[in-house]
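When you line the sequence shown up against the numbering used here, it's residues 1 to 426, in that order.
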Amino acid sequence: MNTAMSKCGLAHGSSVFPGTDQLKARRVAIQQTTRNSQKVQGVAADAMSGKTLSNRTPENDLMLRVARHELTEKTPVWLFRQAGRHLPEYMDYKKKTGKNFLQLLESPTDVAEVTMQPLRRYNLDAAILFSDILVVPQALDIHVEMPGGKGIQVTNPLLTPADLSRLPESIDVDKSLAHVLEAVERINDSIQLEGHQVPMHGFSAAPWTLMYYMVGGASKTNAGAGMRWLREHPEASRDLLNKLTDIVIEYCSAQVKAGAHMIQVFEAMGEHIEEKEFTEFAMPCIDKIGKELRARHPDIPLLCFSRDAMYGLGPCQDTGYDVLTLDCFADPVASRDMLKQRAADKGMRPAVLQGNFDPVHLLYDDLGGSSPDKIREVTREMLVQLGPQNFIANLGSGLMGKEDPAKVACFVDAVHDISEELISSA
1 MNTAMSKCGL AHGSSVFPGT DQLKARRVAI QQTTRNSQKV QGVAADAMSG KTLSNRTPEN
61 DLMLRVARHE LTEKTPVWLF RQAGRHLPEY MDYKKKTGKN FLQLLESPTD VAEVTMQPLR
121 RYNLDAAILF SDILVVPQAL DIHVEMPGGK GIQVTNPLLT PADLSRLPES IDVDKSLAHV
181 LEAVERINDS IQLEGHQVPM HGFSAAPWTL MYYMVGGASK TNAGAGMRWL REHPEASRDL
241 LNKLTDIVIE YCSAQVKAGA HMIQVFEAMG EHIEEKEFTE FAMPCIDKIG KELRARHPDI
301 PLLCFSRDAM YGLGPCQDTG YDVLTLDCFA DPVASRDMLK QRAADKGMRP AVLQGNFDPV
361 HLLYDDLGGS SPDKIREVTR EMLVQLGPQN FIANLGSGLM GKEDPAKVAC FVDAVHDISE
421 ELISSA
């Protein structure tokens, strides 16, 4: 149960955000919940060894029911990068701890705290593990830095196939990524003890995205590095992708064993691979991950997001991923219709769709964000186009840190309010 910010403070038809007194009251509530969470994490720390996992059957199971194609009373909603730098409490926490982003990820206590922050502020239907897509390369002795304003940087990239010899033959994820798995347990402890009762998402980057960074690609420079490897060193690329695929399977499976209720495979760097190479190199990895996780954990919903590579929707559905995410550039109606027809042709059930609200609407006013009325209007359009059932509301790309929390709350609450209205009137 969200005790801090259950509503965006807007009456239907109103264009006014919460007043100063309301915002002050909410900040006090958040601060009190944060103090309570420190006690929660202490309990969790004392109970980590040999205990029964917490939050196994969350009371708010909207996300899980939708992933199983069950009808629900309203559309669930969560957000890519819902935890992190758009939240004042996150920035306060970083200042208090004196840690940067990567340093926070090393501490299960810090990861649990930051994961919980958006649950206290927004009426969300799931937690998402606060982590980074490059924890797997880090476990392979790839050095990752994030200097402010310069994006992700790998300081010892794999420049030639000979550099593959620097990588260990394999890793034990239970040891190399133990801090992440401990964080999963602590998050569920906190969810249960704070009374939020929502499921928790685990995730991993897909192998192509991991390889892209490992061979020198970056979010802002050297974008062609990955494709050069695929074209100039195809066999070495396959060897690296196969190694990463096996690690991702073990990593995701370990998250499930630690308590994750759902797993998302995130192909973040679809922008930097051509469709031919995606089909030849990236998709076989995504396919193997989905099939192996399904065999190991048949009841765990699997999500896939091939961002900026929406031609991957059909193949991912063929693999059997339960939920597929639309990015900001996808045509929602055309995508839905294509997947329905493809599923009918193959005698299978179409995947649930997730997405694809454009986060530009959530920016602060001076950065071009939208009004509350416009946010509700676009939210309604999304829900009408895709339908409030068999759909998970989310963004088409992640929050970047310049979004107004009041507008984020408005979107979250609009999803619930409008979807409930549409479902009840159907």
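Note that beta-carbon positions come from the ideal geometry of N, C-alpha and C, so glycine has one too.
- Three or more Cβ pairs closer than 8 Å define a contact, and the stretch 163 to 182 falls short of that threshold against the stretch 85 to 104.
- When the beta-carbon positions are compared, isoleucine 286 and glutamate 267 come within less than 8 Å of each other.
- Relative to the Cα of valine 412, the nearest Cα in the group Gly355, Ser424 and Val173 belongs to Gly355.
- Inter-segment contact for the stretch 334 to 351 and the stretch 359 to 379 is absent: fewer than three beta-carbon pairs are separated by less than 8 Å.
- By the neighbour-count criterion, in which a residue is buried when 16 or more other Cβ atoms sit within 10 angstroms of its Cβ, glutamine 117 is buried.
- Within the same chain, and ignoring the five residues on either side of aspartate 308 in sequence, the residues whose Cβ sits closer than 7 Å to its Cβ are Gly270, Glu271 and Asp327.
- At a Cβ-Cβ threshold of 8 Å, leucine 87 and proline 405 count as neighbours.
- The closest CA to that of threonine 109, considering only Ala254, Glu277, Val184 and Val323, is found on Val184.
- Annotation: the continuous alpha helix (DSSP H) that includes serine 237 extends over 234 to 258.
- Residue range 173 to 176 is occupied by the alpha helix (DSSP H) that includes valine 173.
- Valine 77 is not a Cβ neighbour of asparagine 390, given a cutoff of 8 Å.
- Taken atom to atom, the span from the alpha-carbon of serine 131 to that of tryptophan 208 is near 18 Å.
- In summary, lysine 150 is exposed, with fewer than 16 beta-carbon neighbours lying within 10 Å of its beta-carbon over all protein chains present.
- CA-to-CA, the gap between glycine 320 and lysine 96 works out to about 44 Å.
- The three-state reading of DSSP puts glutamate 292 in helix, counting H, G and I together.
- Residue pairing by DSSP places glutamine 117 opposite no residue, since no beta bridge is assigned to it.
- Glutamate 169 carries a coil assignment under DSSP once its states are collapsed to helix, strand and coil.
- Shown here for leucine 159: same chain residues with a beta carbon closer than 8 Å to its own, the five before and five after excluded, namely Val215 and Gly216 in chain order.
- Uninterrupted alpha helix (DSSP H) stretches at least 4 residues long and entirely within the stretch 266 to 345 occur at 283 to 296 and 313 to 319, given in chain order.
- Per the DSSP secondary-structure output, glutamine 153 pairs in a beta bridge with Glu145.
- Separation of the CB atoms of leucine 353 and arginine 336 is rounded to 6 Å, and the pair is thereby assigned contact status at 8 Å.
- The Cβ atoms of leucine 386 and isoleucine 418 lie no closer than 8 Å to each other.
- Of Asp239, Thr155, Ala295 and Val135, the smallest CA-CA separation from histidine 143 is found for Thr155.
- Between the alpha carbons of isoleucine 263 and asparagine 188 lies a distance of about 15 Å.
- Distance from the CA atom of methionine 227 to the CA atom of alanine 282, rounded to whole angstroms, is 11 Å.
- In the displayed model, glycine 195 falls within coil according to three-state DSSP, outside both helix and strand.
- By the Cβ-count criterion, aspartate 299 is exposed, with fewer than 16 other Cβ atoms from all chains shown falling within 10 Å of its own Cβ.
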